[in-house]
Ligand SMILES: Cc1ncc(C[n+]2csc(CCOP(=O)(O)OP(=O)(O)O)c2C)c(N)n1
Ligand SMILES: Cc1ncc(C[n+]2csc(CCOP(=O)(O)OP(=O)(O)O)c2C)c(N)n1
Ligand SMILES: [Mg+2]
Ligand SMILES: [Mg+2]
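The structure is reproduced here in structure tokens:
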């Protein structure tokens, strides 16, 4: 056991799977010799050689398309898209190909592939280093979408994703790479070494896809969150003193419907939080799930706290970012209602 | 005044705007000499010459990227993507470029561009000629998304879209090109010449973007629909005898929140219908809108009737397609509830 | 900003929009088309550098001359028996196409696409592969499957989306899949397979395997971005892949000039990536075989990718949804100087004295009967509109390996 | 399936992964790099066919020789005064970069990217354009703006995201936009602008205008699909556009071999589209000017697109987030044989007898003071972390021309 940052945990997941299965290969822009712009693949080329971990041309459709081909051969490619904001040129290979090959070929070909990508804001990255495109994946049938919130989960989920026989989009909240971030940008950052979920085994283990984690049990209101927003939710809960149950979804597709439904049935109130823009974001689906399954339990309208429906602005990062103040206000509002 | 099919109405919209403004140009795969695989651009090259209406290489990113460039020059390109299923290779130019150029340049450059695309199922087109990707556009800030349901609207909305100073995705339900289709595939198709909304002026007129139309007033339940589903909703209403108010959204972004909210506040019940897959489809956003604004009016949980979360199957088209039976069942269920 | 040239003196620009030479009503005349003599192109070693054989990207490699003789350095690779098999493969494709086109017209299915005039390409190419190699085809390479032992009746079952459809009625007709027979599941989205084939080949190389991949694309689809992705990746990693462009001169209603601007050749795009590029007479079975074999051997020997442009002509409509008389002269395919691949190979065998017109007619009839019988068998399993089909509940299967809860709920709600 | 070759005899494949020649610790040595002599490349007419000048895609067009003399058919286009302006433009870019790099290190902004060693390219190119022409730049063409009259202080305001930022703090530093000065709004997404420039040029042609466009891309980004889209569209419609590749040999940590597989040249990609392609010494201001002028004149005269590969070297880090010593030898930039563009142009003027070292130092100091003063002015308007900024409410503006209801509600909820 060791304390790891999320970067180290992700690297450890790749290292473990590459050791166990020589079908696992890693490639992407700058991931080879250099080890990736966030250093998640550092040392892998040295350890496994350039045929197992290598730099790719700057072509996201090529990266994902080549990975699809490799996966149908029988390998398990785990590729990196340098920022989630740059996945769109490869979107066709995800939405039209990876997602449908098993179905359309009736299991003749399958695509056990992972596409890793740093996601989310909070680093003054401006419009094109801050996006959260998870809803664009969740709408596509045939792929899974995972968003870890801590080193322990990141490693276990990534191993599960690499070993999964279906394509998995693996979104890494880059603001969490080095420590939990609760939106209080004015305060110093706590490193993962100070957090119990920074405790990560060097060994192989998995965290199952499709299972949410209850980060805090509570009776008054359910907060549905993932990634960075889990810590914002924790901060808001603490600051308002409201007894919220905080659910870290971890996998948004398949979604852990049962955990969500049980919690909202219990609390009767719900706040949904994500960084992505509001309209048609994943929060909309969560709203719908709660409406469909928990309507008769609801004591107040569910509230979404999200990024606004604008491009991610540079200077006004902290006005844009859904921080503890906005989440706290939503908690208060949902408690006051009805 | 004349009776027009939706194809003729769309063509007429392009013809009118091309006559009035030589900044309007039309291009796309097979749209030039041949006039498009659905014949929507037939005759335009002959009338306006090959510099105003021409065939393009088969490259959707190129089509949209070139259109973005033309629009920033000051033209008003109206391009065709042969099927909405093929828009993904051009998705980056929509989501990262067209949508953000006004914002990021602080109005220095703007993108008055229309991307037309036949959308939806019901024609035995299988996985790649049947998709409804509107939610993938609705999640992107900075673009508008329009889905007409009849020739009159199609023309007026398309002219409004071409004259709009922002980029517009214009999704044409191909199953409606030749007549309203209510999902009763076993019955003969009624042509538009028998429908009052097939009455279309040759002259220039607009239907404003962002305004829904109430197709049927009703007291018991609100049906939110667009495109082909408007007729399915009408059939289901008639067949169940339930007094539904049918709202044809026409523009899904910007959404006519006021019309939706007023209707659901009045009826207290709501059914949402679309062809696209369920999870994170536009119905999820509609759910959220109703939850946020009409919670205290709701007498029953809102129900979504949608395509299932699978690729669009070929042989089982009619089991997949959300037809009047499924919508009728939802209406009955929402009326029985509470 | 220019220090020396005033803007005022410039003449107005104007957009060039390429047009095909002939439209309906015109009399097509290809007498100017540069058709090199059979046997003229040299045959390099398989480990050659692209830069040493640039000319092969601008010529047309041909083997059969006008008299049906096989000539030049690319000739002589196949035995008479092998050539007869090739001829029968092409006849099988042609008979299959004719039957299925008719079945679609009769309303037995929704859609069909024939390969009329292009049969030599897929049929000859397939013979250069080994078991385990993988094609990443487009919708017009039925010849790849039809020249293996894949059951014809299963292809028909797929086309009918019937109860025996190996793809459970999920795919549009003709979108076959057969891993076993080296035929990757066809996509309706153009060009995506071109880079996937490169990825598959990279995997084979990473694993130290001996298998190679072959990617396929049409002339029009070379404009798609994944054509570029494929060239970039194939050249960077020297992937063991053959990149095939089938230039049948049309993309639905759009002539090849819209994808290549009337300049250069499709093959020559390979040169900018250091990929050897060869242009071949796609209606010459022997030339296609020879060039493909060269490229396959090259890939398998570890020398990397080859780009082949197969020059042919799409004689039929794009698909059953298309009527080409709206945009090109009916006579164009007859005027096109490279002739019919079946006739040419037949004439070659006859010229050699190992085949007769009577044998040919016999073979054709035998194959037509085979196909007709397969069709009867297939129709016993159902047709699209009359059924039977796979069970509707199967619609929910295989989206994922295991069905997630939300899909289980949806299936339940569907009540099917 | 192969009739003649058993699978068993084949040797195992293996993946080729290109590696740069030198890594940290190695001593870079470019003595083998083929650097053609200045003045050696011919200068064709502007209406030449691509196929007639293929060689220009494989050489390096150079004007200044080792002695600083301008020689050959591409020499002699600029007056001494124009050359001095060019030198000052480059000095301005260098001084600007130095200041802004420092400002970022001091925490006054989040991010910066310099063009160290590549200044000649953008600065010389800009001088070939006319008012109204439009550049579609990448993030490393600050020289395009800095050699027009665009206010330096506004560039700094943008970098600081301050209250006077013309882009309202919405964009990452250095993502300028100036329609007025022919500088298209920069995108963080690579290569998208390359095809947009082609579309803009097509629009100019459709409208019968006289304006031309110039698209820009880096060596690494030529791998992106929109590079291909741009070539396809530019060649098909003969768009009046100059397609510039800045080959500075690195893409973050990735050497150019990953984008071109160690074969051919980036320029030669144009030839497969029938687009004339020229490779030029990007550190030679006079050569860049001459080749660019040729391409701009060609476009404006209606002869269509040109692809230019500017060969240079990225001397600095990729951005302030990058430390190149992790992946290449520190000495590499010094070893690279094409030298420093500022030094070379200075030596040329001195060799001509129209400039002295003292004048040079004076000019540099004057420009450094100019830049320092602009910086002071800009900082009065605020810096990223200390503000002031545009008003937060402006975050909701200009998503659309008119703010839709949902955004009005969101702004209201935000209470800002
Ligand atoms: C991404 C995408 N865009 C457009 C289409 C529609 N489409 C289907 S076939 C075709 C023409 C392809 O022509 P070509 O590549 O020359 O192949 P051919 O049909 O001649 O064999 C087009 C435009 C598609 N299937 N996929
Ligand atoms: C679509 C996309 N993918 C990846 C990136 C990340 N990225 C930014 S710059 C860069 C390297 C570009 O190298 P090159 O084109 O050679 O330009 P240079 O930086 O050398 O000027 C990369 C990979 C991006 N911005 N956009
Ligand atoms: Mg074709
Ligand atoms: Mg570079």
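Chains as they are written, first to last, in the working numbering: chain A, -14 to 323; chain B, -14 to 323; chain C, 366 to 781; chain D, 366 to 781.
For each residue, glycine too, the CB sits at the ideal point set by N, CA and C.
In this text, all values refer to a predicted model and were calculated from it rather than measured experimentally.
Entirely within the region 482 to 546 of chain C and at least 4 residues each: give me those alpha helix (DSSP H) ranges in chain order. List check, alpha helix (DSSP H) in window: 484 to 491, 507 to 511 and 517 to 525.
In the DSSP assignment, find the unbroken alpha helix (DSSP H) run with residue 771 (chain C) in it and report its ends. Where residue 771 (chain C) is concerned, the enclosing alpha helix (DSSP H) stretches over 770 to 779.
Can you list, in chain order, the residues of its chain with a C-beta nearer than 8 Å to that of residue 656 (chain C)? Leave out the 5 residues immediately preceding and following it. In chain order, 426, 439, 643, 645 and 673 place their CB closer than 8 Å to the CB of residue 656 (chain C), counting only its own chain and leaving out the 5 sequence neighbours on each side.
Can you round the beta-carbon distance between residue 705 (chain D) and residue 429 (chain D) to whole angstroms, since I take them to be within the 8 Å contact cut? With a Cβ gap of about 12 Å, residue 705 (chain D) and residue 429 (chain D) do not count as contacting.
Cutting at 7 Å between CB atoms, please list the residues of its own chain near residue 619 (chain C), excluding the five before and the five after it. Excluding positions up to five away in sequence, the list reads 585.
Distance between beta carbons of residue 728 (chain C) and residue 453 (chain C), contact taken as under 8 Å: Right, their Cβ atoms sit about 6 Å apart.
Name the residues in the region 555 to 579 of chain C whose C-beta lies less than 7 Å from a C-beta of chain D; which are they? Taking 7 Å as the Cβ-Cβ cut-off, the region 555 to 579 of chain C approaches chain D at 567, 569, 570, 571, 573, 574 and 575, given in chain order.
Whether or not the region 578 to 592 of chain D and the region 539 to 556 of chain D are in contact is what I'm after, with contact meaning three or more pairs of Cβ atoms, one per stretch, closer than 8 Å; do they touch? The region 539 to 556 of chain D is in contact with the region 578 to 592 of chain D.
When the Cα atoms are used, what is the spatial distance from residue 174 (chain B) to residue 164 (chain B)? Cα to Cα, the separation comes out at about 7 Å.
What is the DSSP secondary structure of residue 620 (chain D), counted as helix, strand or coil? Three-state DSSP puts residue 620 (chain D) in a strand.
So, is residue 614 (chain C) buried or exposed, given that buried needs 16 or more other C-beta atoms within 10 angstroms? Buried is the call here.
Members of the region 292 to 323 of chain B near chain C, C-beta cut-off 8 Å: Going along the region 292 to 323 of chain B in chain order, one finds 293, 294, 295, 296, 298, 299, 300, 301, 304 and 305 with a Cβ nearer than 8 Å to chain C.
May I ask you to list the residues that DSSP assigns as paired with residue 39 (chain A)? According to DSSP, residue 39 (chain A) bridges with A:12.
Do you know offhand how far residue 410 (chain C)'s Cα is from residue 12 (chain A)'s? Answer to the nearest angstrom: the Cα atoms are 33 Å apart.
Say whether chain A places a C-beta atom closer than 7 Å to the C-beta of residue 769 (chain C). In terms of beta-carbon proximity, residue 769 (chain C) lines the interface with chain A, with at least one pair separated by less than 7 Å.
On the DSSP bridge assignment, give the partners of residue 225 (chain B) in chain order. DSSP output for residue 225 (chain B) lists no bridge partner at all.
Relative to ligand 2, is the shortest distance from any of its heavy atoms to the C-beta of residue 561 (chain D) smaller than 6 Å? For residue 561 (chain D), the CB stays at least 6 Å from every heavy atom of ligand 2.
Straight-line CA distance for residue 416 (chain D) to residue 639 (chain D)? If I take the Cα positions, the gap works out to 7 Å.
Where does residue -14 (chain A) land, buried or exposed, given buried means 16+ other C-beta within 10 angstroms? With fewer than 16 other Cβ atoms inside 10 Å of its own Cβ, residue -14 (chain A) counts as exposed.
Relative to chain C, which residues along the region 582 to 610 of chain D have a C-beta separation below 9 Å, given in chain order? The region 582 to 610 of chain D vs chain C, Cβ under 9 Å: 587, 588, 589, 590, 591, 592, 593, 594, 596, 597, 598, 599, 600, 601, 602, 603, 604 and 605.
With distances taken from each beta carbon to the nearest heavy atom of ligand 3, which residues come in below 6 Å, in chain order? Chain-ordered list of matching residues: C:583, C:584, C:585, C:613, C:615, C:616 and C:679.
What are the partner residues of residue 646 (chain D), as DSSP defines its beta bridges? Bridge partners of residue 646 (chain D) according to DSSP: D:676.
Going by the beta-carbon positions, is the gap between residue 145 (chain A) and residue 237 (chain A) smaller than 7 Å? Contact check for residue 145 (chain A) against residue 237 (chain A) fails: the beta carbons are separated by 7 Å or more.
Complete runs of the alpha helix (DSSP H) confined to the region 677 to 720 of chain D [at least 4 residues]: For secondary structure counted as the alpha helix (DSSP H) over 4 or more consecutive residues, the region 677 to 720 of chain D holds these complete runs in sequence order: 697 to 700 and 706 to 717.
First and last residue of the beta strand (DSSP E) that includes residue 155 (chain A)? For residue 155 (chain A), the uninterrupted beta strand (DSSP E) run begins and ends at 153 to 158, by DSSP.
Should residue 127 (chain A) be flagged as near chain D, meaning a C-beta pair shorter than 7 Å? False, the Cβ-Cβ gap to chain D never drops below 7 Å.
Are any of the Cβ atoms in chain A nearer than 7 Å to that of residue 624 (chain D)? Closer than 7 Å to some Cβ of chain A, the Cβ of residue 624 (chain D) qualifies, so yes.
Roughly how many angstroms lie between the CA atoms of residue 562 (chain D) and residue 190 (chain A), to the nearest whole one? Using only the alpha carbons, I get a separation of about 50 Å.
Any C-beta of chain B under 7 Å from that of residue 477 (chain D): It does not; no Cβ of chain B falls within 7 Å.
Does the count of Cβ pairs from the region 72 to 86 of chain B and the region 41 to 50 of chain B closer than 8 Å reach three? Yes, the region 72 to 86 of chain B is in contact with the region 41 to 50 of chain B.
For residue 167 (chain B) versus residue 216 (chain B), is the C-beta distance shorter than 7 Å? Residue 167 (chain B) places its beta carbon less than 7 Å from that of residue 216 (chain B).
By the criterion of Cβ-Cβ separation under 8 Å, what are the contact partners of residue 82 (chain B) in chain D? Those within 8 Å of residue 82 (chain B) in chain D are 552, 554, 557 and 561.
Residues in its own chain within less than 7 Å of residue 159 (chain A) by CB, not counting five upstream and five downstream? Cβ neighbours of residue 159 (chain A) beyond the five flanking positions: 23, 103, 104, 105 and 108.
Closer than 9 Å, Cβ to Cβ, to anything on chain D: give me those residues from the region 35 to 57 of chain A, in chain order. Listed in sequence order: 35, 36, 39, 40, 41, 42, 43, 44, 45, 46 and 47.
Count the other C-beta atoms from every protein chain shown that fall within 10 angstroms of the C-beta of residue 543 (chain D), then say buried if there are 16 or more, exposed otherwise. Counting Cβ neighbours within 10 Å, residue 543 (chain D) comes out buried, since at least 16 surround it.
Would you mind telling me which residues of chain D sit closer than 8 Å to residue 91 (chain B), beta carbon to beta carbon, in chain order? Per Cβ cutoff of 8 Å: 531, 532, 533, 535, 542 and 763.
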